[in-house]
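Visitor:
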Amino acid sequence: MKQVFIFFIHLLLCVQICFAQQTPTAEGYVKICQSIINTSNGKAESYTNLIKNGNLGLSLASAKDYGTQCQLNNFIALGYYNQFKFDSAKKYFENTHQFALLSSRGDNGAYALGALTQIYHYLNENPKSDSTAKMLQTVLDTSKSNAVKSTGYYTLGKYHASIKSFINLGLADFLQSLVSLKPLIDTAVSPKFKLQYAITCVSIVDIYLQLKQPAKALQYSIEANKYAAASLNVEVGTLCRFVKTYTALNNIDSALHYQELLIKKAAKSTIPWSELVTANIAIADYYLQNNELDKAKAFVDSAQARAKLTTKVLISQADAISGKYFLLKNDWANAKKFYTNAVAEIYNVDRASYCDIRKALATIAMQEGNTEEAKNQLQLYVQANDSLTLEKTSINLAEMEAKFQNKENQQQIENKNLQLKVGRNKIGWLITGVALLSLVAILLLMINRNKKKTANILQEKNTTLAKLNNELEEANQTKAKLFGIISHDLRSPISQVYQFLKLQQLNPHSLNDLQKNELSNKIQTATGSLLETMEDLLLWSKTQMSEFKISIQTAALLPIINSCKNLLQLNSDAKNISFKNSIPADLTVNTDPYYLQTIVRNLLQNAIKAAPDNSEIEIGTMAAANGLALYIKNQGASFSQEQYQRILSSDETALNLNGLGLRLVDELSKKINATILFKSVSTEITFVEILLPDN
Numbered sequence: 262m263k264q265v266f267i268f269f270i271h272l273l274l275c276v277q278i279c280f281a282q283q284t285p286t287a288e289g290y291v292k293i294c295q296s297i298i299n300t301s302n303g304k305a306e307s308y309t310n311l312i313k314n315g316n317l318g319l320s321l322a323s324a325k326d327y328g329t330q331c332q333l334n335n336f337i338a339l340g341y342y343n344q345f346k347f348d349s350a351k352k353y354f355e356n357t358h359q360f361a362l363l364s365s366r367g368d369n370g371a372y373a374l375g376a377l378t379q380i381y382h383y384l385n386e387n388p389k390s391d392s393t394a395k396m397l398q399t400v401l402d403t404s405k406s407n408a409v410k411s412t413g414y415y416t417l418g419k420y421h422a423s424i425k426s427f428i429n430l431g432l433a434d435f436l437q438s439l440v441s442l443k444p445l446i447d448t449a450v451s452p453k454f455k456l457q458y459a460i461t462c463v464s465i466v467d468i469y470l471q472l473k474q475p476a477k478a479l480q481y482s483i484e485a486n487k488y489a490a491a492s493l494n495v496e497v498g499t500l501c502r503f504v505k506t507y508t509a510l511n512n513i514d515s516a517l518h519y520q521e522l523l524i525k526k527a528a529k530s531t532i533p534w535s536e537l538v539t540a541n542i543a544i545a546d547y548y549l550q551n552n553e554l555d556k557a558k559a560f561v562d563s564a565q566a567r568a569k570l571t572t573k574v575l576i577s578q579a580d581a582i583s584g585k586y587f588l589l590k591n592d593w594a595n596a597k598k599f600y601t602n603a604v605a606e607i608y609n610v611d612r613a614s615y616c617d618i619r620k621a622l623a624t625i626a627m628q629e630g631n632t633e634e635a636k637n638q639l640q641l642y643v644q645a646n647d648s649l650t651l652e653k654t655s656i657n658l659a660e661m662e663a664k665f666q667n668k669e670n671q672q673q674i675e676n677k678n679l680q681l682k683v684g685r686n687k688i689g690w691l692i693t694g695v696a697l698l699s700l701v702a703i704l705l706l707m708i709n710r711n712k713k714k715t716a717n718i719l720q721e722k723n724t725t726l727a728k729l730n731n732e733l734e735e736a737n738q739t740k741a742k743l744f745g746i747i748s749h750d751l752r753s754p755i756s757q758v759y760q761f762l763k764l765q766q767l768n769p770h771s772l773n774d775l776q777k778n779e780l781s782n783k784i785q786t787a788t789g790s791l792l793e794t795m796e797d798l799l800l801w802s803k804t805q806m807s808e809f810k811i812s813i814q815t816a817a818l819l820p821i822i823n824s825c826k827n828l829l830q831l832n833s834d835a836k837n838i839s840f841k842n843s844i845p846a847d848l849t850v851n852t853d854p855y856y857l858q859t860i861v862r863n864l865l866q867n868a869i870k871a872a873p874d875n876s877e878i879e880i881g882t883m884a885a886a887n888g889l890a891l892y893i894k895n896q897g898a899s900f901s902q903e904q905y906q907r908i909l910s911s912d913e914t915a916l917n918l919n920g921l922g923l924r925l926v927d928e929l930s931k932k933i934n935a936t937i938l939f940k941s942v943s944t945e946i947t948f949v950e951i952l953l954p955d956n
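Taking our numbering, the leading residue of the sequence shown gets 262, the next gets one more, and so forth.
(1) Give the single residue among I893, A603, E796 and D834 whose Cα lies nearest to the Cα of N842.
(2) Compare the beta carbon distance of T416 and L397 with 8 Å and say whether it is the shorter of the two.
(3) Under a three-way DSSP split, which group does P954 fall into?
(4) Going by Cα to Cα distance, which pick from A594, P444, V850 and G789 is closest to G630?
(5) Whole-angstrom Cβ separation of T461 and F435, contact assumed at under 8 Å?
(6) Please name the residue or residues paired with M795 in a DSSP beta bridge.
(7) Quick check on the DSSP output: what are the complete alpha helix (DSSP H) runs of length 4 or more inside the region 348-431, in order along the chain?
(8) Quick one, which of L317, T508 and K419 has its alpha-carbon nearest D391's?
(9) Give me the residue from Q904, A626 and E606 with the minimum Cα distance to S591.
(10) Is the distance from the Cβ of R924 to the Cβ of L909 below 8 Å?
(11) For N709 and N717, what's the separation of their Cα atoms in angstroms?
(12) Are there three or more Cβ pairs, one per stretch, closer than 8 Å when the region 936-956 is compared with the region 848-857?
(13) Opposite F948 in the DSSP bridges: which residues?
(14) Closest to Y481 by CA distance: which of L317, A490, Y458 and T508 is it?
(15) Identify, in the order they occur along the chain, each residue of the same chain with its Cβ nearer than 6 Å to the Cβ of L818, setting aside the five sequence neighbours on each side.
(16) Roughly how many whole angstroms lie between the Cα atoms of I946 and K826?
(17) By alpha-carbon positions, which one of I542, Q902 and L828 ends up nearest to Q866?
(18) If you draw a straight line from the C-alpha of N832 to the C-alpha of G789, how long is it?
(19) Just to confirm the assignment, what range does the alpha helix (DSSP H) spanning G881 have?
(20) Alpha carbon to alpha carbon, how far is L792 from E779? Give it in angstroms, no decimals.
(21) Whose C-alpha, out of E928, E879 and N895, is nearest the C-alpha of Y856?
(22) Quick one: Cα of H421 to Cα of K351, how far?
(23) Report buried or exposed for Q282, applying the criterion of at least 16 other Cβ atoms within 10 angstroms of its Cβ.
(24) At the level of alpha carbons, what is the spacing between V495 and Y342?
(25) Alpha carbons only, please: which of L363, K529, G881 and S423 is nearest the one belonging to Q379?
(26) My output table needs one value for N934: the three-state DSSP class, helix, strand or coil.
(27) Count the other CB atoms, across all protein chains shown, that sit within 10 Å of the CB of K443; report buried if there are 16 or more and exposed otherwise.
(28) Mark E633 as exposed unless 16 or more other C-beta atoms lie within 10 angstroms of its C-beta, in which case mark it buried.
(29) Grab me the residues of F336's own chain with a C-beta within less than 6 Å of its C-beta, minus the 5 sequence neighbours each way, in chain order.
(30) From N369 to K313, what does the alpha carbon distance come to, in whole angstroms?
(31) My output table needs one value for S824: the three-state DSSP class, helix, strand or coil.
(32) Leaving out five residues on either side along the sequence, give the residues of the same chain with a beta carbon under 7 Å from the beta carbon of S941.
(33) Could you tell me the distance, in whole angstroms, from the CA atom of I838 to the CA atom of S781?
(34) How long is the line joining the alpha carbons of E355 and K477, rounded to whole angstroms?
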């Protein structure tokens, strides 16, 4: 159990942070220490480097940086712990706990308390071990952090199960650790909590095997196996538990299957795995119980060979299973030899096995005819068995008392929580009363303010109403103006369409297919002209009523020009007019593309109407003082700036189509901050510029 706990302490910190580069800061040494743990694999020199770099980090840490000091002390303590230098480990774990109280490193604090319960026990400071465990229990009872609870309950379970032999309390602690780990597994990115979950499940398996409940042990072996693959150590430990569990369930085929998997996994490292020893002992014991001595022999020998590379405890356990094998073989000499080797060391590890060995030695002495030795061994057996029974009774009583104390402490905590809840309720009612009084005062103040506001609003409404009346009058005038323009300017296009349709109706058989197609094209052209004019009228009317909002954006200029040319293609083809377009494809302007397109279309339409047949219209750009000048140049009678201004300033509502288009050009150009300028180049040329600003 001690080895499992040491392994957990090593693994708990080794899966969070990626490898770090050496940095001459305290935080940098935290990362260096973490990377050492990540790559140690239990090597002795790793813990020496961990202690060295932890001390270097402490020498650079700020006195007020409690979080960093907490982590660095924890790393140093971990290094000493794995070197079995418990005096030094105790000092740094105590520092870790103190700095955890001053910082937000609650998980490190709970971890340090759990480690100290083990260290005090190893140093025979059992009162300190017990008081530290109580302190840890208090932390866990009041903590709301799943990270703190998962670590704390695991170490508390080790204290109860391994040190105090309170099996049921230890089992309850381990199960509580799993409850705290499950939400962390679902949300955390780091594999740390998944490995901790697997390690805790392994500890639960050991307890259920000790309680002779292999079915439960199998359940938690399966749980551990879900996340064990992330660490070779955890995976080897889990496979070993499968072997033990299946032998306890008398399912030797499954036990042998997992034994093969265990051997393959263990071969990935040169570590002398204790799991290989205990797994061989479990299988050998199964065969011995079923009197299959030949099958047991290979596993007995394997356990002996592998145990020599490990600890005295494992060697004594291997000697015990060898003694049992030779006892069943009636080889009294070898049985006595191995039992004698095992009995001294195994007393402190497994008192029940010690009793069995003393009983077996008595049997061997009887077989050898040494009644005095048999009597002596039986006396030792009775003493050990009585001591074991008394110890179990004491443990059961102590465990019952500990459970009672835990319940009493829990009840006290619940009572305090209830008192706090009552106090909070009183404060809540008091705050509610003050809030209601404040609300009444605020309402009275608001009513008074609202009366004043109402008077002001009435005055504003009267002013607004007068303004609306004026705007309504202006709108009516605009509407009359719009209807006058529509009645005049749409009559000619509609009349043209009507004449084409009437001609087709009256003489449907007088036209051949070619003439019908030509007539249809003319109708289509006239209809397009009508729709275009209607669009201009509607757009112009909306600008008069201030309903449009411009949308300035970066737009390519050439597509806008091409769109206008394509729309007027029938008009230009009818007069055989060609275009000379010198606008670059990548030229862009900041403007409203729809407004600019309408301006260009109207000016280009006027240019086509004014240009003589077989002529050319030139479209291009040139630099201007504050922006870009887009120009349209056509032959025909010259149109000057004075004529343009005269049309715009005219009060007549019955303008021709050109007049309407120019007014629309003026309205839209003002909205996009553009300027329309007609230049007199020649009496037979019209040259118009659209000056577009930079912004």
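Virtual Cβ for every residue (Gly too), placed ideally from N, Cα, C.
Predicted, not measured: the structure shown is a model, and the values here were computed from it.
Guide: Short version:
(1) In the sequence shown, counting from the first residue as 1, residue 842 sits at position 581. When each option's Cα is compared against that of N842, the closest is I893.
(2) To locate residue 416, count along the sequence shown from 1; it is residue 155. To locate residue 397, count along the sequence shown from 1; it is residue 136. Yes, these two residues count as a Cβ contact at 8 Å.
(3) Working through the sequence shown from its first residue, we reach residue 954 at position 693. If DSSP states are grouped into helix, strand and coil, P954 belongs with the strands.
(4) In the sequence shown, counting from the first residue as 1, residue 630 sits at position 369. That would be A594, whose Cα lies nearest to the Cα of G630.
(5) As a first step, residue 461 must be located in the sequence shown, where it is residue number 200. As a first step, residue 435 must be located in the sequence shown, where it is residue number 174. Right, the Cβ-Cβ distance comes to about 5 Å (below 8 Å), so this counts as a contact.
(6) One-based indexing of the sequence shown puts residue 795 at position 534. Answer by DSSP bridge pairing: none, since M795 is not bridged.
(7) 367-383, 387-403 and 407-419
(8) If you number the sequence shown from 1, residue 391 lands on position 130. Comparing Cα positions, the closest option is K419.
(9) Numbered from 1 along the sequence shown, position 330 holds the residue referred to as residue 591. The amino acid at residue 591 is misidentified as Ser; the sequence shows Asn. Selected option, being the one with the closest Cα: A626.
(10) On the sequence shown, position 663 is the one that residue 924 refers to. On the sequence shown, position 648 is the one that residue 909 refers to. Their beta carbons are under 8 Å apart, which means R924 touches L909 by this criterion.
(11) Mapped onto the sequence shown, residue 709 falls at position 448. Mapped onto the sequence shown, residue 717 falls at position 456. If you take the alpha carbons of N709 and N717, they lie about 13 Å apart.
(12) yes
(13) Translated into the one-based positions of the sequence shown, residue 948 becomes position 687. According to DSSP, F948 bridges with K894 and K940.
(14) Mapped onto the sequence shown, residue 481 falls at position 220. Here the closest residue by C-alpha is Y458.
(15) To locate residue 818, count along the sequence shown from 1; it is residue 557. Excluding sequence neighbours, L818 sits near I844, L848 and V850.
(16) Counted from its first residue, the sequence shown places residue 946 at position 685. Counted from its first residue, the sequence shown places residue 826 at position 565. For I946 and K826, the distance between alpha carbons rounds to 20 Å.
(17) What you label residue 866 is simply residue 605 of the sequence shown in a count that begins at 1. The option with the nearest alpha carbon to Q866 is L828.
(18) Indexing the sequence shown from 1 puts residue 832 at position 571. Indexing the sequence shown from 1 puts residue 789 at position 528. Going from the Cα of N832 to the Cα of G789 covers about 11 Å.
(19) Looking up residue 881 in the sequence shown gives position 620. Per DSSP, G881 belongs to no alpha helix (DSSP H); it is in the beta strand (DSSP E), E877 to A885.
(20) Taking the sequence shown and counting its residues from 1, one reaches residue 779 at position 518. Taking the sequence shown and counting its residues from 1, one reaches residue 792 at position 531. Taking the straight line from one Cα to the other gives about 20 Å.
(21) By one-based count along the sequence shown, residue 856 stands at place 595. Nearest neighbour of Y856 by Cα position, chosen from E928, E879 and N895, turns out to be E928.
(22) Against the sequence shown, residue 421 aligns to sequence position 160. Against the sequence shown, residue 351 aligns to sequence position 90. When rounded, the distance between both Cα atoms is 20 Å.
(23) Indexing the sequence shown from 1 puts residue 282 at position 21. Residue confidence is low: Q282 scores 44 on pLDDT, short of 50, so the model does not pin down where it sits. Its coordinate-derived value is still stated next. By the 10 Å Cβ count, Q282 comes out exposed.
(24) Position 234 of the sequence shown, counting from 1, holds the residue named residue 495. Position 81 of the sequence shown, counting from 1, holds the residue named residue 342. Approximately 20 Å, taken between the alpha carbons.
(25) Sequence index remark: in the sequence shown, residue 379 carries index 118 (1-based). Here the closest residue by C-alpha is S423.
(26) On the sequence shown, position 673 is the one that residue 934 refers to. N934: coil per DSSP, three-state reduction.
(27) Locating residue 443 in the sequence shown gives position 182, where the first residue counts as 1. By the neighbour-count rule (16 or more Cβ atoms within 10 Å), K443 is not buried but exposed.
(28) Looking up residue 633 in the sequence shown gives position 372. E633 should be labelled exposed.
(29) On the sequence shown, residue 336 is found 75 positions in, with the first residue counted as 1. Excluding positions up to five away in sequence, the list reads C294, L311 and G315.
(30) Here residue 369 corresponds to residue number 108 of the sequence shown, with the count starting at 1. Here residue 313 corresponds to residue number 52 of the sequence shown, with the count starting at 1. Spanning the two alpha carbons is a distance of roughly 20 Å.
(31) On the sequence shown, position 563 is the one that residue 824 refers to. In the structure shown, S824 sits in a helix (DSSP, three-state: H, G or I).
(32) Counting from one through the sequence shown, the residue named residue 941 turns up at place 680. Only S899 and S901 meet the Cβ criterion.
(33) The residue you call residue 838 lines up with position 577 of the sequence shown. The residue you call residue 781 lines up with position 520 of the sequence shown. C-alpha separation (whole angstroms): 22 Å.
(34) Position 94 of the sequence shown holds residue 355. Position 216 of the sequence shown holds residue 477. Using only the alpha carbons, I get a separation of about 37 Å.
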